[in-house]
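> Just dropping this structure here.
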Amino acid sequence: MTTTTTTIYISLSPRACPSRSATLFPLALNTSSLSLRKIILRRSLSMSLNHLGPISPVNKPEPIQLNEESDFYQLLSPEGLISICGFGSLLSEHSARSTFPDLINFRVAKLHGFRRVFAHSAPVFFERGIAKPETKEISSLSVEPCEGETLIVTVFEIQKSEVPAFIKREKEFRFLAVFPETLDGKPFTNPAVLCARSSDEEFFQIRCKGSKEIYFQHYGRYNIDKIWRDDILPCRVYLRHCVLAAKNLGDEAYNNFLDHTFLGDRKTTIREYLATAGSGIMEEEPPESLKTRYGG
0 MTTTTTTIYI
10 SLSPRACPSR
20 SATLFPLALN
30 TSSLSLRKII
40 LRRSLSMSLN
50 HLGPISPVNK
60 PEPIQLNEES
70 DFYQLLSPEG
80 LISICGFGSL
90 LSEHSARSTF
100 PDLINFRVAK
110 LHGFRRVFAH
120 SAPVFFERGI
130 AKPETKEISS
140 LSVEPCEGET
150 LIVTVFEIQK
160 SEVPAFIKRE
170 KEFRFLAVFP
180 ETLDGKPFTN
190 PAVLCARSSD
200 EEFFQIRCKG
210 SKEIYFQHYG
220 RYNIDKIWRD
230 DILPCRVYLR
240 HCVLAAKNLG
250 DEAYNNFLDH
260 TFLGDRKTTI
270 REYLATAGSG
280 IMEEEPPESL
290 KTRYGG
């Protein structure tokens, strides 16, 4: 039997704020089939989710990377639902329902160990005519691990049947199973899926299967040669929408967004940005065709 070397990647959550995204560490295996890789990943995910027993404030698993569609299904509730964690436009229930019309149980939550960063080149802003490449105002939000940070997020449930479309729509992100809690610190029963910062290499090799043609379909046609960048600024219409959505959730969520969301330098908060270089953004109305979509 011919033996080949397969590399699997173990995602380790950093213990301090990274300057870049979390690293995937390679582990080489000699195996006669890729099926062994799948078995290892599946068992690893299952053990991570189940060996700790009930989740509690002192018994919280680390975030777990979801590599394949079948990994998502291990997060299903007994009712066949999966939880999604929103941190940007999905802070707005109206916006969330435009993407997930049948979502249920939309609510506010806390997520420890992550921060929001505007470091993601978003093709959807080019499609909708609201990107400003001449000023580098093309970024949407992503999140990344950061010890000591806490985010106010939203959580809601969708049906299992909606998972494939969700994965396809958010293809450039790294999917993590995370463990939110209520605003008063009570852990949720089920983990939720979070779209976290990935890397250009991972997107090209895994999502695009190393194909420049596939990359062009998603990004190249907008002259985007790098997805994850630290030198871009928030799309103005999108930033305004996210701030309004957070404000609609209440003062705690609003202040959390302003003070725990950063530009790509990871130093400038959105509160500081809106008071300086970004002043005027909150007074700008979206284009007429997008007023409902980006109205907060």
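Numbering (numbering that gives the first Met the number 0), first residue to last: 0 to 295.
Cβ atoms here follow ideal geometry from the backbone N, Cα and C, with glycine treated the same way.
If you're wondering where the values come from, they're calculated on a predicted model, not measured in any experiment.
Of all the options Ile231, Thr188, Arg228, Leu289, which has the alpha carbon lying nearest to the alpha carbon of Ala108?
Thr188
> DSSP three-state call for Arg206: helix, strand or coil?
helix
> If you measure between the beta carbons of Leu90 and Leu248, is that distance less than 8 Å?
Contact flag set, yes.
> In angstroms, rounded to a whole number, what distance separates the CA positions of Leu289 and Phe86?
20 Å
> Does the stretch 222-230 come within contact of the stretch 116-130, defined as at least 3 CB pairs closer than 8 Å?
Output reads yes: the stretch 116-130 touches the stretch 222-230.
> Pick out whichever of Ala195, Pro60, Ile280 has its Cα sitting closest to the Cα of Cys234.
Comparing Cα-Cα distances from Cys234 to each of Ala195, Pro60, Ile280, the minimum goes to Ile280.
> How would you write the range of the beta strand (DSSP E) that Ile129 sits in, first residue to last?
Segment: none, Ile129 is in no beta strand (DSSP E) and carries neither H nor E.
> Do Cys145 and Phe172 come within 8 Å of each other at the CB atom, strictly closer than that value?
no
> If I measure Cβ to Cβ from Pro122 and keep anything under 7 Å in the same chain, skipping five residues before and after, which residues do I get?
His217, Tyr218, Tyr221, Ile223
> For the beta strand (DSSP E) containing Ile226, name the first residue and the last one.
Taken as a continuous stretch (DSSP letters only), Ile226 belongs to no beta strand (DSSP E), as it is neither H nor E.
> Are the beta-carbon atoms of Gly295 and Ala252 separated by less than 8 Å?
No, the Cβ-Cβ distance between Gly295 and Ala252 is not below 8 Å.
> Quick one: using the 10 Å Cβ neighbour count with 16 as the cut-off for buried, is Gln204 buried or exposed?
exposed
> Using the rule of at least 16 other Cβ atoms within 10 Å of the residue's Cβ for burial, across every protein chain shown, is Ile83 buried or exposed?
buried
> To the nearest angstrom, report how far apart Phe113 and Glu143 are at their CA atoms.
5 Å
> For Val192 versus Phe71, is the C-beta distance shorter than 8 Å?
yes
> So, for Lys225: in the same chain, excluding its five sequence neighbours on each side, which residues have a beta-carbon less than 8 Å away from its beta-carbon?
Ser120, Asp199
> Below 8 Å on the Cβ atoms is my guess for Val162 versus Ile81; work out the distance and round it to an integer in Å.
In this structure Val162 touches Ile81 by the C-beta definition: roughly 6 Å separates them, less than 8 Å.
> What does the alpha-carbon distance come out to for the pair Ser31 and Pro190?
At Ser31 the pLDDT is 39, less than 50, meaning the model places this residue with poor confidence and gives no usable figure here.
> By how many angstroms is the C-alpha of Ser94 removed from the C-alpha of Arg106?
Between Arg106 and Ser94, the C-alpha separation is close to 14 Å.
> So, helix, strand or coil for Pro299, using DSSP?
Nothing in the structure corresponds to residue 299, since the chain is present only between 0 and 295.
> In whole angstroms, give me the CA-to-CA distance for Ala276 and Leu150.
24 Å
> Is Arg196 helix, strand or coil by DSSP?
coil
> Quick check on this structure: which residue in His111, Ile137, Arg270 has the alpha carbon closest to the alpha carbon of Gly147?
His111
> Take Gly136 and list the residues in its own chain whose beta-carbon comes closer than 6 Å to its own, dropping the five residues that flank it on each side.
According to the sequence shown, residue 136 is Glu rather than Gly. So the list reads Leu232, Cys234, Arg235, once near-sequence residues are dropped.
> On the CB-based measure, 16 or more other CB atoms within 10 Å of its CB, does Pro100 come out buried or exposed?
exposed
> Looking at the structure shown, is Gly79 part of a helix, part of a strand, or coil, going by DSSP?
Gly79 sits in coil when the DSSP states are folded into three classes, being neither helix nor strand.
> What residue does the beta strand (DSSP E) around Asn104 start on, and which one ends it?
Note, Asn104: beta strand (DSSP E), 103-120.
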